[in-house]
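For any residue, its number in this note's numbering is found by taking its place in the sequence shown, counting from 1, and adding 748.
Working notes for the structure below.
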Amino acid sequence: MATKFSKETYLYWYELMQLIRQFELMAEEKYKMEGKIRGFFHAYIGQEAIAAGCMTATRPEDLFITAYRDHGLAISKGVSVNSCMAELYGKATGCAKGKGGSMHFFGKDVNFYGGHGIVGAQIGTGAGLAFAEQYRGTDNVVLCFFGDGAARQGILHETFNLAMLWKLPVIFICENNNYAMGTSVERTSNVIDIYKLADGYEMPADTVDGMSPEAVHEGVGRAVKRAREKGGPTLLELKTYRYKGHSISDPQKYRSKDEVDEYKEKDPIQQVLKTILTGGLAT
């Protein structure tokens, strides 16, 4: 059976998503059992397809910046799992020298600029990184990630305005996992389709299946091409789902087990594995 992408791409996606998933599961276990990991812990489990698709749609020189649910993107960008785990333990060998913790992973050498604990704060910083690349005359692109909750912050609108005015090479990626902590998108905004927030700034925008690395690769790829060609920013709403709570202490009373199970049927890791096996890419 013919596959949409190459064998190497599917195997890379599967390996990366499994690495992220297993890191998160192990870290969660250590957090609960040993009591040596302190502070907040926001797992990326369920959202791995976003990291995978974004990696194959970009170059190593491109910059990533995100919010506090940062483990998956840090690992995908090349921050070592050893330094990530050390950071959770507060060790000096951690990616932020043990001073950042779960929400503030960092890896300048691989163009990963955090990990930001303040909701929406990274949106303005992401545009600033894009301005720096534009000023330096590179064709590098910034991928600025934020959650659906951050879409309600004023800094988003201020940043959209300047990013469009200056045609900055930045892709604004909303990882819409349906809930801002425990509050659904429907309860927080009159505009349910977050990508439509770009309309007021005449910014190109699209909605993408965030549970599919294929769809993420294609959607991000189009936006990256536009940015490299000096076409300015794009807003992408990547519809995804987190299988764990907002944080490790979340009792998840705001959603049903049936809802979670429904989304687990769309698990991106299992979908890619199915493609690999049915496509004869591996046995």
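Note that the Cβ used here is the ideal one computed from N, Cα and C, for glycine as well.
Kindly identify the DSSP beta-bridge partner or partners of cysteine 922. Cysteine 922 pairs with Phe894 and Glu985.
If you follow the alpha helix (DSSP H) that isoleucine 1024 is in, where does it begin and where does it stop? 1016-1026 is the extent of the alpha helix (DSSP H) around isoleucine 1024.
Through-space distance from threonine 804 to proline 1016, alpha-carbon basis: Cα to Cα, the separation comes out at about 15 Å.
Pick out whichever of Lys780, Ala791, Tyr760 and Glu756 has its Cα sitting closest to the Cα of glutamate 772. If we check each option's Cα against that of glutamate 772, Ala791 comes out closest.
Where does leucine 1029 sit, in a helix, a strand or coil, going by DSSP? Residue state, collapsed to three classes: coil.
Rounded to a whole number of angstroms, what is the C-alpha to C-alpha distance between aspartate 954 and tyrosine 943? Those two C-alpha atoms are separated by around 6 Å.
Take histidine 819 as the anchor and find which of Lys784, Thr751, Gly862 and Lys839 has the nearest alpha-carbon. Measuring from the Cα of histidine 819, the nearest candidate turns out to be Gly862.
For glycine 978, tell me which candidate among Asn926, Leu986, Thr988 and Val890 has the shortest Cα-Cα distance. It should be noted that the sequence gives lysine, not glycine, for residue 978. Of the listed residues, the one whose Cα sits closest to lysine 978 is Val890.
Pick out whichever of Arg976, Cys832 and Arg786 has its Cα sitting closest to the Cα of alanine 878. For alanine 878, the nearest C-alpha among the options comes from Arg976.
Taking C-alpha atoms, which residue in Ala800, Lys987, Asn859 and Lys1001 lies nearest to tyrosine 1011? Distances from the CA of tyrosine 1011 to each of Ala800, Lys987, Asn859 and Lys1001 were compared; the closest alpha carbon is that of Lys987.
Three-state secondary structure (DSSP) of threonine 886: Correct three-state label for threonine 886: coil.
Determine the DSSP secondary structure at glycine 855, reduced to helix, strand or coil. In the structure shown, glycine 855 sits in a strand (DSSP, three-state: E or B).
Buried or exposed by the 16-neighbour rule on C-beta atoms within 10 Å, applied to serine 1004: Residue environment: serine 1004 is assigned as exposed (fewer than 16 neighbouring CB atoms within 10 Å of its CB, all protein chains considered).
For a test of the three-state rule: what should DSSP assign to alanine 953, helix, strand or coil? In the structure shown, the three-state DSSP call for alanine 953 is strand.
Under 8 Å by Cβ, that's how I've got glycine 895 and asparagine 925 pegged, so tell me the actual separation to the nearest angstrom. Indeed they touch by this definition, with Cβ atoms about 7 Å apart.
Residues of its chain near glycine 874, where Cβ-Cβ distance is below 7 Å and the 5 sequence neighbours each way are ignored: The answer, listed in chain order, is Ile813, Val890, Cys892 and Val918.
Helix, strand or coil, according to DSSP, for tyrosine 927 in the structure here? It is a strand residue.
Quick one: what's got a C-beta closer than 8 Å to cysteine 843's C-beta in the same chain, skipping five residues either side? Once the five neighbours on either side are set aside, the close Cβ partners of cysteine 843 are Ala822, Val827, Ser828, Ser831, Cys832, Ala834, Glu835, Phe853, Phe854 and Gly855.
Buried or exposed, going by whether 16 or more other CB atoms sit within 10 Å of the CB of lysine 839? It counts as exposed.
In whole angstroms, give me the CA-to-CA distance for glutamate 809 and alanine 800. Taking the Cα positions, glutamate 809 is about 16 Å away from alanine 800.
Could you give the C-beta distance for tyrosine 779 and isoleucine 921, rounded to a whole number, given that I count them as a contact under 8 Å? Between tyrosine 779 and isoleucine 921 a beta carbon distance of about 27 Å is seen, past the 8 Å cut, so the two are scored as non-contacting.
Going by C-alpha to C-alpha distance, which of Leu1025, Val964 and Tyr927 sits closest to lysine 1001? Comparing Cα positions, the closest option is Tyr927.
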